[in-house]
Amino acid sequence: MAFADVYVFVLAAFVGYQIITRVPALLHTPLMAATNAISGISLVGSLVAAGSDRNTLSTVLGVIAVTCAMANVVGGFLITDRMLSMFRRAEKKQN
Amino acid sequence: MAFADVYVFVLAAFVGYQIITRVPALLHTPLMAATNAISGISLVGSLVAAGSDRNTLSTVLGVIAVTCAMANVVGGFLITDRMLSMFRRAEKKQN
Amino acid sequence: MSREVVSQISYLAASVLFIFGLRGLTKPDKARRGMLLAAVGMLVAIIGTLVKTEVVSYGWILVGLVLGSLIGYPLGMWVPMTAMPQRIAFSHMFGALAATLVGVSEYFTDLSNGETIGIPKMSALAFEVLFGALTVTGSFVAFGKLAEFLPGRPITYKNQNAINLGLAAVAAGLFAYVVFNPEASWAFYLMLALATLIGLFLVLPIGGADMPVVISLMNSYAGLAASATGFAIGNEVLIIAGALDGASGFILSIVMSRAMNRSFTNVLFGAFGSAPTASTRTSEGLVAAPISAEDAALQLAHARSVIVVPGYGMAVAQAQHQIRELAELIEKNGGEVRYAIHPVAGRMPGHMNVLLAEANVPYDRLYEMDEINDRFEEADVALVIGANDVVNPAARTDPGSPIYGMPILNADKAKRVIVLKRSMATGFAGIENDLFYAENSSLLFGDAKDSLQKLIGEIKTA
Amino acid sequence: MSREVVSQISYLAASVLFIFGLRGLTKPDKARRGMLLAAVGMLVAIIGTLVKTEVVSYGWILVGLVLGSLIGYPLGMWVPMTAMPQRIAFSHMFGALAATLVGVSEYFTDLSNGETIGIPKMSALAFEVLFGALTVTGSFVAFGKLAEFLPGRPITYKNQNAINLGLAAVAAGLFAYVVFNPEASWAFYLMLALATLIGLFLVLPIGGADMPVVISLMNSYAGLAASATGFAIGNEVLIIAGALDGASGFILSIVMSRAMNRSFTNVLFGAFGSAPTASTRTSEGLVAAPISAEDAALQLAHARSVIVVPGYGMAVAQAQHQIRELAELIEKNGGEVRYAIHPVAGRMPGHMNVLLAEANVPYDRLYEMDEINDRFEEADVALVIGANDVVNPAARTDPGSPIYGMPILNADKAKRVIVLKRSMATGFAGIENDLFYAENSSLLFGDAKDSLQKLIGEIKTA
Ligand SMILES: NC(=O)c1ccc[n+]([C@@H]2O[C@H](COP(=O)([O-])OP(=O)(O)OC[C@H]3O[C@@H](n4cnc5c(N)ncnc54)[C@H](OP(=O)(O)O)[C@@H]3O)[C@@H](O)[C@H]2O)c1
Ligand SMILES: NC(=O)c1ccc[n+]([C@@H]2O[C@H](COP(=O)([O-])OP(=O)(O)OC[C@H]3O[C@@H](n4cnc5c(N)ncnc54)[C@H](OP(=O)(O)O)[C@@H]3O)[C@@H](O)[C@H]2O)c1
Numbered sequence: 002m003a004f005a006d007v008y009v010f011v012l013a014a015f016v017g018y019q020i021i022t023r024v025p026a027l028l029h030t031p032l033m034a035a036t037n038a039i040s041g042i043s044l045v046g047s048l049v050a051a052g053s054d055r056n057t058l059s060t061v062l063g064v065i066a067v068t069c070a071m072a073n074v075v076g077g078f079l080i081t082d083r084m085l086s087m088f089r090r091a092e093k094k095q096n
Numbered sequence: 002m003a004f005a006d007v008y009v010f011v012l013a014a015f016v017g018y019q020i021i022t023r024v025p026a027l028l029h030t031p032l033m034a035a036t037n038a039i040s041g042i043s044l045v046g047s048l049v050a051a052g053s054d055r056n057t058l059s060t061v062l063g064v065i066a067v068t069c070a071m072a073n074v075v076g077g078f079l080i081t082d083r084m085l086s087m088f089r090r091a092e093k094k095q096n
Numbered sequence: 360m361s362r363e364v365v366s367q368i369s370y371l372a373a374s375v376l377f378i379f380g381l382r383g384l385t386k387p388d389k390a391r392r393g394m395l396l397a398a399v400g401m402l403v404a405i406i407g408t409l410v411k412t413e414v415v416s417y418g419w420i421l422v423g424l425v426l427g428s429l430i431g432y433p434l435g436m437w438v439p440m441t442a443m444p445q446r447i448a449f450s451h452m453f454g455a456l457a458a459t460l461v462g463v464s465e466y467f468t469d470l471s472n473g474e475t476i477g478i479p480k481m482s483a484l485a486f487e488v489l490f491g492a493l494t495v496t497g498s499f500v501a502f503g504k505l506a507e508f509l510p511g512r513p514i515t516y517k518n519q520n521a522i523n524l525g526l527a528a529v530a531a532g533l534f535a536y537v538v539f540n541p542e543a544s545w546a547f548y549l550m551l552a553l554a555t556l557i558g559l560f561l562v563l564p565i566g567g568a569d570m571p572v573v574i575s576l577m578n579s580y581a582g583l584a585a586s587a588t589g590f591a592i593g594n595e596v597l598i599i600a601g602a603l604d605g606a607s608g609f610i611l612s613i614v615m616s617r618a619m620n621r622s623f624t625n626v627l628f629g630a631f632g633s634a635p636t637a638s639t640r641t642s643e644g645l646v647a648a649p650i651s652a653e654d655a656a657l658q659l660a661h662a663r664s665v666i667v668v669p670g671y672g673m674a675v676a677q678a679q680h681q682i683r684e685l686a687e688l689i690e691k692n693g694g695e696v697r698y699a700i701h702p703v704a705g706r707m708p709g710h711m712n713v714l715l716a717e718a719n720v721p722y723d724r725l726y727e728m729d730e731i732n733d734r735f736e737e738a739d740v741a742l743v744i745g746a747n748d749v750v751n752p753a754a755r756t757d758p759g760s761p762i763y764g765m766p767i768l769n770a771d772k773a774k775r776v777i778v779l780k781r782s783m784a785t786g787f788a789g790i791e792n793d794l795f796y797a798e799n800s801s802l803l804f805g806d807a808k809d810s811l812q813k814l815i816g817e818i819k820t821a
Numbered sequence: 360m361s362r363e364v365v366s367q368i369s370y371l372a373a374s375v376l377f378i379f380g381l382r383g384l385t386k387p388d389k390a391r392r393g394m395l396l397a398a399v400g401m402l403v404a405i406i407g408t409l410v411k412t413e414v415v416s417y418g419w420i421l422v423g424l425v426l427g428s429l430i431g432y433p434l435g436m437w438v439p440m441t442a443m444p445q446r447i448a449f450s451h452m453f454g455a456l457a458a459t460l461v462g463v464s465e466y467f468t469d470l471s472n473g474e475t476i477g478i479p480k481m482s483a484l485a486f487e488v489l490f491g492a493l494t495v496t497g498s499f500v501a502f503g504k505l506a507e508f509l510p511g512r513p514i515t516y517k518n519q520n521a522i523n524l525g526l527a528a529v530a531a532g533l534f535a536y537v538v539f540n541p542e543a544s545w546a547f548y549l550m551l552a553l554a555t556l557i558g559l560f561l562v563l564p565i566g567g568a569d570m571p572v573v574i575s576l577m578n579s580y581a582g583l584a585a586s587a588t589g590f591a592i593g594n595e596v597l598i599i600a601g602a603l604d605g606a607s608g609f610i611l612s613i614v615m616s617r618a619m620n621r622s623f624t625n626v627l628f629g630a631f632g633s634a635p636t637a638s639t640r641t642s643e644g645l646v647a648a649p650i651s652a653e654d655a656a657l658q659l660a661h662a663r664s665v666i667v668v669p670g671y672g673m674a675v676a677q678a679q680h681q682i683r684e685l686a687e688l689i690e691k692n693g694g695e696v697r698y699a700i701h702p703v704a705g706r707m708p709g710h711m712n713v714l715l716a717e718a719n720v721p722y723d724r725l726y727e728m729d730e731i732n733d734r735f736e737e738a739d740v741a742l743v744i745g746a747n748d749v750v751n752p753a754a755r756t757d758p759g760s761p762i763y764g765m766p767i768l769n770a771d772k773a774k775r776v777i778v779l780k781r782s783m784a785t786g787f788a789g790i791e792n793d794l795f796y797a798e799n800s801s802l803l804f805g806d807a808k809d810s811l812q813k814l815i816g817e818i819k820t821a
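Residue numbers (the working numbering), protein chains in the order written: chain A, 2 to 96; chain B, 2 to 96; chain C, 360 to 821; chain D, 360 to 821.
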């Protein structure tokens, strides 16, 4: 574990704080769905566990983890987009 | 050189961008002085160069670098504070 | 370029894309494009992982990816908007489970390879598994309460606090032990088991209505677990994504707790479980004025300026489409309709916004509390639809009220107030609402959807 | 805890303190406390370095620290506010020199120890020295022009662009060569020498008035050089501080170029040196109405609402104190005085704000362009003090003007406009200003400080 990773965490937390505090209340539900989708990034760990033929336990746990993470990725991005596509401005008279 | 340092740079640039774009025009001159002062952080390199008895050239260059960086630190923080101390609200009637 | 370099660059790209993606959410018209960027980032990261030299067999990976997509698709496309709270709780369970399993696999592999695990890595692994497992069961309970297959009421038992504290202390002890004795796998797995129990016991005593705060906290815990995974396996994109998720969950729970008038520490330490306190005032002697749909329709038809205040009842009744229809009728009559959205109206941050967006209400008609609170005075009618606590003037006037000090929508300042609800029942906070007895307000009883349909019918036939 | 761990923790703390410090600058009332945090961060980082095991002799270090403090103190306490632009250019020189020397020392030491320098480290070192050296001489020229010991006019010579491009190409070639052949010290030092020349040749052809943009760019280059140092010696606090400085310089140069109507690429590639284009319109046939101090004083004394528009001339005349005095007199007579600050009024971002703050004008009387532009119509008098380009209506009305499209202060919309300047000379952009010939405006000729003193005298004796 490199000490530089501590910096990465601290700086990422700053970036996160600054961005999230500026997300309007309007989009708080999509935000929750979006972070759900992004949490699927644990794929980078689970793919390795599932595919590196270390031992049976690792493969089994890895495949379950891949499944869970991928479900979050697919489901999360789809539902976020579905939600966001509903938000629209009143440009012209609605019908 | 750790690859994690690339992340550190990218994230720090993000943090910097987000903070600096929110500094009001009112404080742009103090901001310039402040970054001047902070640039004195090159002390962390020059102190090592000056004090680790590697070779004469390193020591000489190091001492010059320490001098320059320290001048920025002392001068920069002092002038920033001097400037900032002049900015004040109109709380009560001025005299 | 070596495979490892490709993978490293892909992770860097993914991190940047995630950040830009979330930044998109700061502007409604850039949000979709932003999430597209984030999705591309995810794809890049997946590809960057698959090319790694360690990854040697793709069969099982494919199984997992396909299975995950099959589960994810309905979770994305079929779940109705009204089921969002439970949907999100469910996903946190998945995310935390993935992080936990990766941690176990990493630990088990290192141990069976006879590697010595250093203190930093072991701390990260233990943290990951502890928070991951706790979040799995905690989110499961939250999901169950929200989906109503577990009882929503707080499930309490004797010595609850003592038991929880004891469990936490033992888990902390095991954590410390295993960090310094990584080969003690019994401690590791026992800690894991305790963490699942802690997750259960932490959330079971909390009422169903408090689940949104729980969900946000779980979001933040799941993020921290992901970051810990990143530390353990030395992967920066995991650290960054975890930190972003952690920040999001943390900030949302703060926003909610502030707007709900709960203290910050209250949220931080998960001690938000106490059942809402009973009302301080009673409605004795006060009489609420009912109104007929006909009269209400008359007032709305002639109003020049209407402010709609939606609340949890709108979600229960699924009345958002009828609201839009009614608004269009009022607009056709020359009136102006705006929507006042309280930050904690409903049961989830942004709940009302999503439902109204679903019903095609343009988001520039939705006003945040601070933007619209001064406009109620000029409004002819404030139409309160299934909202209660968020318009309770006791928050302004009654220092004895549990919600005193909570910022509320000033619906009571409007010239006339029409409230749509089914009964005189209280809202989430369980306290009486003087607004219903005010001189300028009248109640249209019934399910919000039904009442709105009646109003629409009246105005149309008028 | 080992010395290295102490040092690492101190660096982490310093990084966080720097970030919080700069965040303080987003709010005027938190700025001082923020800079205090940053200063503490610096102290922590210095101590964290001094405890490192590599640091074995403190004698020379002490010499450097004391000498630096002795130089820094007057730079901090004695330099007048009006000399800020040259003061800042001077400091960039110091900062870049420090970074460059550290790079050389590191390179020389590695080489003489017979270590092989890897490609990543060598790239960082080369980058550091290249940008550092360029910034040293570039800042020196900027300093000289601003302090007026070098001629402010653009110094041009034949084939200037070809020579610069040639130099840059050779330097780039050397860069590439030395990265792959780190032992080729001749290439390293030749590149260093060329970089100093490039710095000179880049800035000499630029007019003195354009120096602020140069300074900001140099700020950003110095930051990048510092980051490169951090990469070379594996120090994250350097990387972070460098990135923060780099972002600041970069953003300020963009802000300036936008407000000056220059293109972004123009700034990025340093090609902003061309002398201002000549005026497109002439003042032939137009007559400006002069006004006596007596009449102007009369108007000001009876004005209910005055907007002061300060410009570069205020800085030249050092008239800020007199402005405050006059404003107080007007306020005593019952009038209201506000200040309209254009983003590029003066010669440095925030120039006017600092000078007015120095004269004790409260900052909540200072309004940014967007805040006050709609208020000019209601103002009885717009008092333009040594400003020219920033109130030139041609930016709105004359598509042929070089400043067309630049956002300006709408001083011309005020009921009366009084302009204080010495002559009919043009401002920085070198173009005529129709405002001076407008019906509602009149000119009070003379040095701004003198004119203001006369106005003050008139109002006092009236
Ligand atoms: N948004 C969040 O993130 C969040 C999270 C946790 C807690 N909370 C809390 O939830 C509350 C939200 O306030 P709120 O004003 O939106 O809701 P509320 O105070 O919970 O009141 C909802 C009202 O809707 C009525 N209702 C229920 N079903 C209905 C239906 N089918 N038709 C018509 N009316 C119906 C209920 O009265 P009847 O039963 O008489 O119909 C009730 O009074 C706040 O106390 C907040 O602190 C919010
Ligand atoms: N702020 C920045 O960051 C920055 C950076 C680079 C460039 N610039 C440029 O600088 C310009 C700034 O505009 P500006 O309106 O502030 O200034 P300006 O357009 O340069 O005009 C200054 C005016 O002040 C008058 N003046 C000079 N000395 C005076 C004295 N002692 N007493 C009275 N009047 C005096 C001059 O006229 P007389 O000679 O007739 O007195 C001149 O017309 C813009 O074009 C901007 O793009 C700004």
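Virtual Cβ for every residue (Gly too), placed ideally from N, Cα, C.
{"Item": "Buried or exposed for valine 364 (chain D), please, with buried defined as at least 16 other CB atoms from any protein chain shown within 10 angstroms of its CB.", "Value": "exposed"}
{"Item": "Using the rule of at least 16 other Cβ atoms within 10 Å of the residue's Cβ for burial, across every protein chain shown, is glutamate 791 (chain D) buried or exposed?", "Value": "buried"}
{"Item": "How would you call phenylalanine 631 (chain D), buried or exposed, if buried means at least 16 neighbouring beta carbons within 10 angstroms?", "Value": "Note that phenylalanine 631 (chain D) has pLDDT 41, beneath the 50 cutoff, so the model's placement of it is unreliable and the number below is only indicative. Buried, by the Cβ-count rule."}
{"Item": "Near alanine 637 (chain D), what residues of its chain come up, given a Cβ to Cβ distance below 7 angstroms and the 5 sequence neighbours on each side ignored?", "Value": "Only weak support exists for where alanine 637 (chain D) lies, its pLDDT of 45 falling under 50; the value from the coordinates is given anyway. Gly789."}
{"Item": "Excluding the 5 residues flanking glutamate 542 (chain D) on each side, which residues of the same chain have their C-beta closer than 7 angstroms to its C-beta?", "Value": "Leu470"}
{"Item": "Can you give the beta carbon distance from alanine 315 (chain C) to valine 596 (chain C), rounded, assuming they're within the 8 angstroms contact cut?", "Value": "Because chain C here runs from 360 to 821, residue 315 (chain C) falls outside it and cannot be looked at."}
{"Item": "How would you label arginine 55 (chain A), buried or exposed, when you count the other beta carbons within 10 angstroms and need 16 or more for buried?", "Value": "buried"}
{"Item": "Do we get a CB-CB distance below 7 angstroms when we pair glutamate 595 (chain C) with the residues of chain B?", "Value": "yes"}
{"Item": "Is the Cβ of alanine 5 (chain B) closer than 7 angstroms to any Cβ of chain C?", "Value": "yes"}
{"Item": "So, with DSSP's three-state summary, where would you put tyrosine 698 (chain D)?", "Value": "strand"}
{"Item": "Short of 7 angstroms Cβ to Cβ, which residues in the stretch 66-88 of chain A face chain B?", "Value": "none"}
{"Item": "Check the DSSP bridge columns for serine 664 (chain D) and list the partner residues they point to.", "Value": "D:Glu695"}
{"Item": "Is any non-hydrogen atom of ligand 1 found closer than 6 angstroms to the C-beta of glycine 789 (chain C), if you look at the structure I gave you?", "Value": "no"}
{"Item": "Is there a Cβ of chain C sitting closer than 7 angstroms to that of tyrosine 18 (chain A), yes or no?", "Value": "yes"}
{"Item": "I want to know whether the stretch 576-591 of chain D touches the stretch 481-489 of chain D - three or more CB-CB distances under 8 angstroms.", "Value": "yes"}
{"Item": "Of all Cβ atoms in chain B, is any one closer than 7 angstroms to the Cβ of phenylalanine 377 (chain D)?", "Value": "yes"}
{"Item": "By how many angstroms is the C-alpha of alanine 527 (chain D) removed from the C-alpha of threonine 494 (chain D)?", "Value": "14 angstroms"}
{"Item": "What's the gap between the Cα of isoleucine 21 (chain A) and the Cα of aspartate 654 (chain D)?", "Value": "56 angstroms"}
{"Item": "Can you determine whether any heavy atom of ligand 2 sits closer than 6 angstroms to the C-beta of glycine 672 (chain D), and answer yes or no?", "Value": "yes"}
{"Item": "Are lysine 559 (chain C) and leucine 533 (chain C) touching if we call contact CB-CB under 7 angstroms?", "Value": "The sequence given here places leucine at residue 559 (chain C); lysine does not occur at that position. In this structure, leucine 533 (chain C) does not lie closer than 7 angstroms to leucine 559 (chain C) by Cβ."}
{"Item": "Below 8 angstroms, can you find three or more Cβ-Cβ pairs linking the stretch 495-502 of chain D to the stretch 429-442 of chain D?", "Value": "no"}
{"Item": "Under the rule that 16 or more other beta-carbon atoms within 10 Å means buried, what is glycine 672 (chain C), buried or exposed?", "Value": "buried"}
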